[in-house]
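Some notes on the structure that comes next.
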Amino acid sequence: MSQSVIPLESNPEIFTQFAHKLGLSQSFVFHDVYSLTDKDLLSFIPRPSPAIILLFPITPDYEKARLAEEEKSKGSTDDENVVWFKQTVKNACGLYALLNSISNLDEVSYEPNSRIVEFKKSYKDISKLEQLVENLKKDYTDAATSGETQAPDAEEDTSLHFIAFIKKDGHIYEMDGRRKGPLDLGEAQESNSEDVLGESTVVERFQRYIELSDDENKLNFSLMALAPSFE
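Printed below as a string of structure tokens:
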């Protein structure tokens, strides 16, 4: 894969198709999330939801906050079960948010001999990981050019960024390929549940990122939940 790619569109169908090509079970799909606090809207999403993908604008205020947070964070976690991928390809944040979402599921969530299992085995092996990403070139290009909006040029700078939130071993993690590692946001409210969608920590984080955006970017947010399919 080249050093710069066309960014993915925040589209549940695109992410679902890509995830299935990687080997995610057909029983999981991505759903649009229209609110993190409206119980009526949340009730339309099957549960549990083990991961959320957020698209948000990178603004100067956000960058200041992120860098300050990075200085305080050791950029890793004591939980060896958390699988995190560092973004190494420009504009491919959607791919890494997807990998960081589905790589932290139980093995029963994957099809036999799936590519995502190979990613999980190789996430600390940089050379092997680069080869696995390279092998996704065609599937990635297909996904990036299948959106409902016109695809931008691969070299074009984008101010929008994908990250993921997951729940693992009773903790909430922010999974951002631009950071030094998975960011442990603390213990989950419902430690015995796999569901991350109703966690107040995620709601607070989302609201914080809205506060850090400028007026022209207040609407440039999008949420998708990984959850069971309706079928």
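The sequence shown stops at residue 937 when you use my numbering, and every number in between is there.
Just so it is clear, CB atoms sit at the ideal spot from N, CA and C, and this is done for glycine as well.
- When the five nearest sequence neighbours on each side are left out, the beta carbons in the same chain lying within less than 8 Å of the beta carbon of T864 are those of P713, N797, P858, in order along the chain.
- In this structure, the CA atom of K778 is about 32 Å from the CA atom of P754.
- Following the DSSP letters along the chain, one finds P718 inside the alpha helix (DSSP H) bounded by residues 718-728.
- Pairing S710 with L801, the inter-Cα distance amounts to about 12 Å.
- The secondary-structure analysis by DSSP pairs Y915 with nothing; it has no beta-bridge partner.
- Taking a C-beta distance under 8 Å as the contact criterion, I759 and A849 do not qualify as a contact pair.
- A straight-line Cα-Cα distance of about 18 Å links M881 and I916.
- S935 and F736 have their C-alpha atoms some 8 Å from each other.
- Contact between the region 925-932 and the region 764-778 is not established, with fewer than three Cβ pairs separated by less than 8 Å.
- Counting the other CB atoms within 10 Å of its CB gives T743 a total below 16, which places it among the exposed residues.
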